[in-house]
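K.L.:
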Amino acid sequence: MSKTDYTLPGTVWVASDIHLARQVPETCRVFYAFLAQAAAHADALILAGDIFDAWIGDDAAIRMPEPWLQQAIEHLSETAKTIPVYIGHGNRDFLMGPELAGKIGATLMAESALFHTDAGPVHISHGDELCTHDVSFQRFRKLSRHPLVRGLFLALPLRLRRTIARRARKTSMHAHGTKPMYLMDVAHEAVSAVFRQHPALVHMVHGHTHKPKCHQFEDQGTQRCRWVLPDWEWDHPPFRGGYLSISSSGIQMHHFAAPEAGQNPSTTPASPAAA
Numbered sequence: 002m003s004k005t006d007y008t009l010p011g012t013v014w015v016a017s018d019i020h021l022a023r024q025v026p027e028t029c030r031v032f033y034a035f036l037a038q039a040a041a042h043a044d045a046l047i048l049a050g051d052i053f054d055a056w057i058g059d060d061a062a063i064r065m066p067e068p069w070l071q072q073a074i075e076h077l078s079e080t081a082k083t084i085p086v087y088i089g090h091g092n093r094d095f096l097m098g099p100e101l102a103g104k105i106g107a108t109l110m111a112e113s114a115l116f117h118t119d120a121g122p123v124h125i126s127h128g129d130e131l132c133t134h135d136v137s138f139q140r141f142r143k144l145s146r147h148p149l150v151r152g153l154f155l156a157l158p159l160r161l162r163r164t165i166a167r168r169a170r171k172t173s174m175h176a177h178g179t180k181p182m183y184l185m186d187v188a189h190e191a192v193s194a195v196f197r198q199h200p201a202l203v204h205m206v207h208g209h210t211h212k213p214k215c216h217q218f219e220d221q222g223t224q225r226c227r228w229v230l231p232d233w234e235w236d237h238p239p240f241r242g243g244y245l246s247i248s249s250s251g252i253q254m255h256h257f258a259a260p261e262a263g264q265n266p267s268t269t270p271a272s273p274a275a276a
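Position 65 of the sequence shown, counted from 1, bears residue number 66 in our numbering, the numbering being contiguous throughout.
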C-alpha cells in the first residue's frame, strides 16, 4: 500500500459506489454485466471504493462467504484474469485488505493515488477524505483506520462483526438524514491541497458524494477538472449507474445501460451517452 503512483496506458474505466450486498440483487447483476463489458472493451479497471456496502474483514470472503459474496468475488476474479483491476478503499469497505486483493487477483491501490494515463496524470480517490467540513466524520475516519482499532475489530467473531456493521450502518443513515448537505460534500480547501501537491495535475476523480458531474474551475492559475463518479442503484428507482473512460481521446463520463436478464453482456460493446 506504500505505492501511490501507477502507470496505466490504453483505455481505463473507473467506477465507484456500487454498494454490493445481499439486499441488492439487481444492482449486483447489472454490475456483473459491467465487469464483463470492462473485460471486453477496456485495458484496465479501477474501482474507487465502496465496492461493497460493508466490509467486516477479508476472512469473511475467504472462509465460508455468503452466496452473494462468493458470486461477487468470482465475477471480480474473472475480470482480473483478463485486465488489470485496481480496488480502492471507500468509507464502507475500508477494511478490504491484501487477502481479498490476492484472492481476486487485483491490486489494492493507495487511498490517494496518481495514475499516469494516456490522458495525462489523473488523481483518483474515493473522496471521503475530501469532506473535511464534516469534523465528526473525519474524527471517526481517522480512529477507525488506526491499526490498533482495526486489529481489535478484526479479532472479533464474524457474527459479532456483522452485528456491529449493521448497527453502524443504521447510525450512519440517521446521521446523513440530519446533517446539512454542505458537510457531506467535498471542501474546496481539500481539493485545492491535492492540486498544490501535484502542480501539473489537471484531472481529479472521486466518488462518495453520489453527485456525478465534471466541475471545471481555476486553481493557482491553472484550469482544473474535478470529476465526480456516479453511484449504482438498480433495485430501487431512480435507477442509475455509470463510469468514466480515460484514454488518449480524453476523459468522458458515461451512463451504463442495464442489459436484459439473460443477455450476454460481453458480446455487445457499451454505447452509453456522455453525461
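Even glycine gets a Cβ: it sits at the ideal position worked out from N, Cα and C. From a predicted model like this one, the values you see are computed outputs, not experimental measurements.
Could you work out which residue in V203, V229, Q224 is closest to F214 when comparing CA atoms only?
P.N.:
Per the sequence shown, the amino acid found at residue 214 is Lys instead of Phe. Selected option, being the one with the closest Cα: V229.
K.L.:
Between the C-alpha atoms of K180 and S137, what's the straight-line distance to the nearest angstrom?
P.N.:
Cα to Cα, the separation comes out at about 11 Å.
K.L.:
Can you check whether the C-beta of F116 is within less than 8 Å of a C-beta belonging to chain D?
P.N.:
Absent here is chain D; the protein component of the structure consists of one chain.
K.L.:
Provide the residue span of the alpha helix (DSSP H) that contains A81, from first to last.
P.N.:
Unbroken alpha helix (DSSP H) run through A81: 68-81.
K.L.:
Go through its chain and collect everything with a Cβ distance to T268's Cβ below 7 Å, but skip five positions before and after it.
P.N.:
Because the pLDDT of T268 is 44, which lies under 50, any placement of that residue in the model is unreliable, and the question is left without a value.
K.L.:
Taking just the CA atoms, how far does R93 sit from L101?
P.N.:
Approximately 15 Å, taken between the alpha carbons.
K.L.:
Measure the Cβ-Cβ separation of H127 and S17 and say whether it is below 8 Å.
P.N.:
The answer is yes: Cβ separation under 8 Å.
K.L.:
May I ask you to list the residues that DSSP assigns as paired with A45?
P.N.:
In DSSP, A45 forms a bridge with V13.
K.L.:
For the segment 105-156, which segments carrying the beta strand (DSSP E) assignment without a break, of at least 3 residues, lie completely within its bounds, in sequence order?
P.N.:
Listed in chain order, the complete beta strand (DSSP E) runs (minimum 3 residues) inside the segment 105-156 are 113-118, 121-126.
K.L.:
How should P158 be labelled, buried or exposed, when 16 other C-beta atoms within 10 angstroms of its C-beta is the threshold for buried?
P.N.:
By the 10 Å Cβ count, P158 comes out exposed.
K.L.:
Can you have a look at R162 and say buried or exposed, based on whether 16 or more other CB atoms are within 10 angstroms of its CB?
P.N.:
The residue is buried, with at least 16 neighbouring Cβ atoms inside 10 Å.
K.L.:
So the candidates are Y244, S248, I247, W235; which of them puts its Cα closest to the Cα of P260?
P.N.:
Considering only alpha carbons, the answer is W235.
K.L.:
Kindly identify the DSSP beta-bridge partner or partners of D220.
P.N.:
DSSP lists T223 as partners of D220.
K.L.:
Provide the residue span of the beta strand (DSSP E) that contains Q24, from first to last.
P.N.:
Run containing Q24: none; DSSP gives neither H nor E here.
K.L.:
Rank F35, L149, V15 by C-alpha distance to the C-alpha of I47 and give the top, closest one.
P.N.:
Among F35, L149, V15, the Cα nearest to that of I47 is on V15.
K.L.:
If we ignore side chains and look at the alpha-carbon of each, how far apart do I19 and W69 end up?
P.N.:
Spanning the two alpha carbons is a distance of roughly 14 Å.
K.L.:
Roughly how many angstroms separate the alpha carbons of C132 and D186, rounded to a whole number?
P.N.:
One C-alpha to the other measures close to 6 Å.
K.L.:
Would you give the residue range spanned by the beta strand (DSSP E) that L86 belongs to?
P.N.:
The question names Leu, but residue 86 is Val in the sequence shown. Its beta strand (DSSP E) spans residues 86-88.
K.L.:
So V192 is in the beta strand (DSSP E); what residue range does that whole segment cover?
P.N.:
Premise fails: V192 lies in the alpha helix (DSSP H), 189-198, not in any beta strand (DSSP E).
K.L.:
Compute the Euclidean distance between the alpha carbons of H211 and G242, then round it to the nearest angstrom.
P.N.:
Rounded to the nearest angstrom, the two C-alpha atoms are 10 Å apart.
K.L.:
How many Å lie between Y183 and H134 at the Cα?
P.N.:
So the alpha carbons of these two residues sit roughly 8 Å apart.
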